[in-house]
Amino acid sequence: MRKVSFAEAIREALFQEMERDPSVFVYGIGVPDFKGIFGTTLGLAEQYGSARCFDTPLSEESMTGFALGAALKGMRPVHIHIRADFLLLAMNQIVNMISCHNYLTGGDTPLPIVIRAIIGRGWGQGSQHSKSLFSYFTHIPGLKVVTPTTPRDAKGLLIASIRDNNPVVFLEHRWLHWIEDEVPEEPYAIPLSQSNVLREGSDITIVATSWMNVEAMHAAQILSTKGIDAEVIDPRTLAPMDMGPITKSVRKTGRCLVVDYDWVNSGLSAEIAADVSHSCFNDLTMPVERVGFAHTPCPTVRALENHFYPNSETIIRKVEQMMDKPHMDLSGIDFYSHERRFRGPF
Amino acid sequence: MRKVSFAEAIREALFQEMERDPSVFVYGIGVPDFKGIFGTTLGLAEQYGSARCFDTPLSEESMTGFALGAALKGMRPVHIHIRADFLLLAMNQIVNMISCHNYLTGGDTPLPIVIRAIIGRGWGQGSQHSKSLFSYFTHIPGLKVVTPTTPRDAKGLLIASIRDNNPVVFLEHRWLHWIEDEVPEEPYAIPLSQSNVLREGSDITIVATSWMNVEAMHAAQILSTKGIDAEVIDPRTLAPMDMGPITKSVRKTGRCLVVDYDWVNSGLSAEIAADVSHSCFNDLTMPVERVGFAHTPCPTVRALENHFYPNSETIIRKVEQMMDKPHMDLSGIDFYSHERRFRGPF
Amino acid sequence: MTQSSARQADTQAIPAEVSIALYRTLYLTRRCEEMIVKIYPDDEMKTPMHMSMGQEAVSVGVCKAIGQDGDVLASYRSHATYLAKTENSHAFFGELHGRVNGTANGKGGSMHLADVENGMLGSTGIVAAGIPVALGAAYANKQKQNGRVVATFFGDGATDEAAFWESLNIACSMKLPVLFVCEDNDLAVHTRKAERQGFASLTDVVRQYACLVYEDDTNDVESIYALTRAAINRVLTEGKPAFLNIRTYRYLEPCGTAMDTDAPYRSSEEDTFWKNRDCVSLQRERLLASGVQKDAITELETTIDSSIEASVSAAKSAAHPSPEMLYDGVFHEKG
Amino acid sequence: MTQSSARQADTQAIPAEVSIALYRTLYLTRRCEEMIVKIYPDDEMKTPMHMSMGQEAVSVGVCKAIGQDGDVLASYRSHATYLAKTENSHAFFGELHGRVNGTANGKGGSMHLADVENGMLGSTGIVAAGIPVALGAAYANKQKQNGRVVATFFGDGATDEAAFWESLNIACSMKLPVLFVCEDNDLAVHTRKAERQGFASLTDVVRQYACLVYEDDTNDVESIYALTRAAINRVLTEGKPAFLNIRTYRYLEPCGTAMDTDAPYRSSEEDTFWKNRDCVSLQRERLLASGVQKDAITELETTIDSSIEASVSAAKSAAHPSPEMLYDGVFHEKG
Ligand SMILES: Cc1ncc(C[n+]2csc(CCOP(=O)(O)OP(=O)(O)O)c2C)c(N)n1
Ligand SMILES: Cc1ncc(C[n+]2csc(CCOP(=O)(O)OP(=O)(O)O)c2C)c(N)n1
Ligand SMILES: [Mg+2]
Ligand SMILES: [Mg+2]
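Going down the list, the protein sequences come from chains H, D, Y and P. No gaps in the numbering here: position 79 of the first sequence is 79 in the working numbering, and each next residue is one more. No gaps in the numbering here: position 225 of the second sequence is 1225 in the working numbering, and each next residue is one more. No gaps in the numbering here: position 229 of the third sequence is 2229 in the working numbering, and each next residue is one more. No gaps in the numbering here: position 272 of the fourth sequence is 3272 in the working numbering, and each next residue is one more.
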């Protein structure tokens, strides 16, 4: 099968859904410009016209409410933000308005809204261009939250999100955009709320979100050379989350490490850890461990950014500690490939 | 000692701090009007003038940034919102700006900002006037989160919050305003980040937030008549939280129930449960249990509101299940006193 | 940029049946609220009440002008807007009573009256939050070229809020068929416009935008109706939004069913001034003056009164939602 | 409401030493950025760069006018504002290099340059988010009656945002001593004002507010300085805010150090037009024309050049923050 990048898979999903259904439209700050949101929206305006793919004033709050109004009149809006941090300007519309509008209007009001936002990292994105905000959305009843990791999932989950009759917050880590893998050409939907076992293993269960799956897979591969067999699970949909495969895995391994791409305190990792600690109380041979951002604002300088973000090495060190293994020699292993790939400016 | 209401204790704290320090000022929508935010700001404008206690345009986002600017110039703003839900309009200023401004300016910039907001309940407050949003703030590095339960704590913690050189989100449950208890007349500060054991007990540890402490204490009292001795702990400061007394208690009881006044999923209850499950792994005789809002928007109609909110009965039922006790006869017990007390309109 | 203003729109051209229909709806909204005032103390409607009383002409005039096909977003002061748009006092009282025959099984209550199918897209308890929603609905109508307009109702207080200004700019920039309807009662809770506004005249600011601007201070439903009809024509032909600033007066406390005429923020001159131009009485007098028989009016009123009684009875005898219903409708069922 | 406009403010009254100081700072900012362009490819400054190049006259003119005592809030396009306010190229290059001699040990980087003690209250990566912050600082100054003003810098794109409109209203309503400085380069990333604005002229809208309005399209630092001095005088005597709309032109790509003159959103006529009125050259020519010796200018330039070299060396030889420093400063230590 042909291989395409995650970014290209997103773009293909948008093209195919706009083609399939004239009620789909795509908009946001900079969406139709010649950079096209890291290339993911390039060509849409040319193909489907400026009424269905358009730029907007810098007005995140109002352009989010806009999506609700359009959905109420039968449209399927896809609203794009170049950074998830900017969603903090739209929380009122997302949480106070969109999340509960179906509930407050009798329960039979389709609200097919997709809010796509990109999680920034590297090259000094700093405190205001690096948030993921997973738990802000998973906390709220009425919102679905989707975080694809692979190109195939990116396309299939975006198509499923667009076709879903509920509001979906769709969060893409910027570094995933460059990953290339096999992606079917024809349109297809991957059902939401299905966790995906990325790697089977018997010693420990690693539950990872978004970019952390890349780190977890890398870690698992290195760990396997040291005789540790890790299972890696990507929930893909963070809300409503499919806990089944996670519980099943922990029942098997007796150990669980949650690796979230967010702050730990009151984050999604807390929910997964609390849930696993509860449902696998008799299976766990040790406490569930959590790894996430350092509890500080994201620093700009690389020297500290490297300590702010967990990576495969963090995961390996945690796992070796959990497995009661001696300190492994990891010299010679390259842990920062994607970060090196990205050389600014933004 | 004289007894005063929680609301009166808040008002007294504001008076005494404005008296002590001319850099303290108090503002927000409706703050100096004749209703005075449920009476908590009455008289301040008359006493200290309209430059230090003032009304504002309906502009939550900007009036929050205003606090940051004033703090940067040496003032101590207290910004008041009549509902916590309205903070969703100010998330950008709180999270993207205020929480990290000290970090981004070298770490020695005092930011003595208090954001007081009231959590609504009852009489059909409904989905947009009932949020507590605890985990939205505890998740973010650089913010302190304070939720007093008793009148004495209300005064002492508000004074401590005003004197603190960091941004504090101070959340008051509306029903607590009516509670009367002993409160010292002179100004005093209760240190932040000190959990408070409201009731000692040996069978089970109940960690409760805000209003849920009232329910938990009520439940504990009923449980004691049935031979169950519950320890009730009020963290009071939700971030940074003092986990010491909680861990100590669970080591003693072996059982833990977290009763949060918020949604359960990815909420503060997840953090406490994950943390206790981790630190008390060998002490827990059963999984940590959690109780919170139903995972739905808050319904307006009382018939459903009663099922949306947990109360003492929910707690008792959960505890009896955890303690493996038979279903208790609770007939004749009045579980909704405060709700009955409150008869609209808002 | 074209600017228009009509302090007293031309009401001559309004056909008799429209005049009567306007009165019927005005009377319906007034009487529904009088019923609320009467039975609220019974404590069966456990929901905050932001009463429209005094301001009904705004909702009635505008909703009748945009018609059944039009779309509407209301603020939390939603009673008159909901009733003017739907005339459905059954679902209205059902919702206020928290019963399964309400608009949302009681889950919404007074602040969230809606009837999406009939163009009542929603009401919101967050000041100004419905304004952006109207933009998207207007965009959808424009895409569908269905000739419909959206009206979004909000108070003068809402014009302090960020969302109003962003939305005004967006609507003008995108040339959306939307009516911004400011129900200007001079008050946000207890605070006057003058204490909140950094300009002398809101309409003078808005006139600088690429939209139509209309003003009315008559409290006369026909004036508002005529002005809205004129606005709609131009919105559709000229392809730009309109801003309607309509002065009016709130009779009751900001939230609740009591009179607060003695409260410190009120003035009795103002109260007298506005009650002398009560919108329901004005229209009744106009009908009488135009030759409609008193009996005909009384009959119309009696019919409405008994339908309101029927709505209240229906609400009271309808069931409360069952506990399981709490969990229904968090997500839409079809995926 | 008083309205003022000065397309070409009176620059006659500017003393020679001020003219020279203005040039010095302009030259400093320009040369610092030229240094960035030169050494950015070395990959030692791992931080996004929103370059001020072309627009320096706005920051320099305004910051010199408000003086050392004034307070400033910058956007993410903060280089010129930071340097004009502090003239501290050492801390500047330290921060861009992520070193402990930077403004925040490198934790902030290019988008968060600040020096609170010296009135540079902060820079922000969120469009428009610094505007409300300026209000509170202005309130504090007003309370202290210290006669200081606050200037908040933002782009034309920021005027689309909610926060701008709320803040303008608040400042006017509260009569705050604040200057709203719009650095109008006609672009938000690649999008022109005309595609984003629902009005013909921003200043015409703002003129309806209770504030002073000034416009400038000269790109001439003395014009901007004189206009800002005039504005400050009136802000302090008349007790109201001022809005300054200053047309200018961005030379480089929206973020990054490359020229993007060929990008589809650019026009070469525009480029030529603005580069013919380059603010640094304009001021240099003025000095020469006014009789300042070429040698004196060259000497001044050489001094600055070597101080910039020194700043870069200092930055390069300063330490990176140690890993433990990650956790410092999340909270302020004194409680
Ligand atoms: C965002 C937000 N802030 C504050 C409130 C509290 N509040 C409710 S009504 C109101 C005044 C609104 O005034 P206006 O828009 O003029 O409407 P009116 O009540 O006069 O109809 C306020 C401040 C709210 N509901 N939402
Ligand atoms: C709230 C927010 N939305 C979007 C962005 C992305 N963004 C960065 S710069 C910019 C354009 C800003 O234009 P303008 O205010 O005119 O400033 P200029 O870059 O022209 O100096 C945008 C949209 C952002 N940083 N913040
Ligand atoms: Mg009003
Ligand atoms: Mg610009």
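Note that beta-carbon positions come from the ideal geometry of N, C-alpha and C, so glycine has one too. Keep in mind it's a predicted model, so treat the numbers as computed, not measured.
Close-in-space but distant-in-sequence residues of the same chain around V168 of chain H (CB under 6 Å, 5 per side omitted): V114, K144, V146 and S161
Is it buried or exposed for R1020 of chain D, if we count other Cβ within 10 angstroms and need 16 for buried? exposed
Whose beta carbon lies closer than 5 Å to any heavy atom of ligand 3, going through the chain in order? Y:G2155, Y:D2156, Y:G2157, Y:N2185 and Y:L2187
Within chain D, the residues that C100 of chain H reaches when beta carbons sit closer than 7 Å: S1127 and P1297
Going by beta-carbon coordinates alone, are G2198 of chain Y and S3173 of chain P separated by less than 9 Å? yes
Thinking C-alpha only, which one of P:G3256, P:L3187 and P:A3200 is nearest V3037 of chain P? P:G3256
Indicate whether at least one CB of chain H lies closer than 9 Å to the CB of P3321 of chain P. yes
How about A2016 of chain Y: is its Cβ closer than 8 Å to a heavy atom in ligand 2? no
Using 9 Å as the threshold, is the C-beta distance between V2127 of chain Y and T2152 of chain Y below it? no
Three-state secondary structure (DSSP) of W1211 of chain D: coil
Quick test of your reading: L2022 of chain Y and V2221 of chain Y, contact by CB under 8 Å. State the CB separation rounded to the nearest angstrom. 5 Å
Quick one: is the Cβ of A7 of chain H within less than 8 Å of any heavy atom of ligand 2? no
Taking DSSP as the reference, what is the three-state secondary structure of R1199 of chain D? strand
Please confirm whether H1129 of chain D and M2325 of chain Y have their CB atoms less than 9 Å apart. no
Please report how far the alpha carbon of K2085 of chain Y lies from the alpha carbon of T2025 of chain Y, in whole angstroms. 9 Å
8 Å Cβ shell around L1257 of chain D - same chain, five flanking residues per side excluded: I1204, T1205, I1206, V1207, V1288, E1289, R1290, V1291, I1315, K1318, V1319 and M1322
CB Y1027 of chain D to CB M1063 of chain D, shorter than 9 Å? yes
Let me know the secondary structure DSSP gives F3092 of chain P once reduced to three states. helix
So, is V259 of chain H buried or exposed, given that buried needs 16 or more other C-beta atoms within 10 angstroms? buried
Given a cut-off of 9 Å on the beta-carbon distance, is the pair A51 of chain H and F25 of chain H in contact? yes
Is the Cβ-Cβ distance between E1313 of chain D and A1219 of chain D less than 9 Å? yes
Limits of the unbroken alpha helix (DSSP H) element including V3071 of chain P: Reading the sequence as shown, one finds Asp at residue 3071 of chain P and not Val. D3071 of chain P -> not in any alpha helix (DSSP H); beta strand (DSSP E) instead, spanning D3071 to A3074.
Rounded straight-line distance, which links the Cα of E61 of chain H to that of V95 of chain H: 11 Å
Under 9 Å, Cβ to Cβ, is there at least one residue of chain H near A3158 of chain P? yes
Please list, in chain order, the chain P residues whose beta carbon lies closer than 7 Å to that of K1131 of chain D. Near K1131 of chain D there are no residues of chain P at all, since even the closest Cβ is about 21 Å away, more than 7 Å.
Using a Cβ-based criterion (distance less than 8 Å to any ligand heavy atom), does R20 of chain H qualify as near ligand 4? no
Contacting residues, own chain, Cβ-Cβ under 7 Å from L158 of chain H (five flanking each side not counted): I10, A13 and F170
Secondary structure of V2255 of chain Y, DSSP reduced to three states: With the sequence shown as reference, residue 2255 of chain Y is identified as Cys, and Val is not the correct amino acid for it. Residue state, collapsed to three classes: coil.
Determine the direct distance from the alpha carbon of L198 of chain H to that of M3259 of chain P, and round the result to whole angstroms. 44 Å
Is the distance from the Cβ of I1080 of chain D to the Cβ of A1117 of chain D below 9 Å? yes
Check for me: the alpha helix (DSSP H) holding I2131 of chain Y runs from which residue to which? G2130 to K2144
If the cut is a Cβ gap below 7 Å, which residues of chain D does P141 of chain H touch? W1263, H1295, T1296 and P1297
Which bits of chain Y does F1034 of chain D rub up against, with CB to CB less than 9 Å? H2190, A2263, P2264 and Y2265
Within 10 Å of its beta-carbon, does P3048 of chain P have 16 or more other beta-carbons around it, so buried, or fewer, so exposed? buried
Sorry if obvious, but does the Cβ on S2075 of chain Y come closer than 8 Å to a heavy atom of ligand 1? yes
Hey, out of H:P151, H:N102 and H:I119, whose CA is closest to A189 of chain H's CA? H:P151
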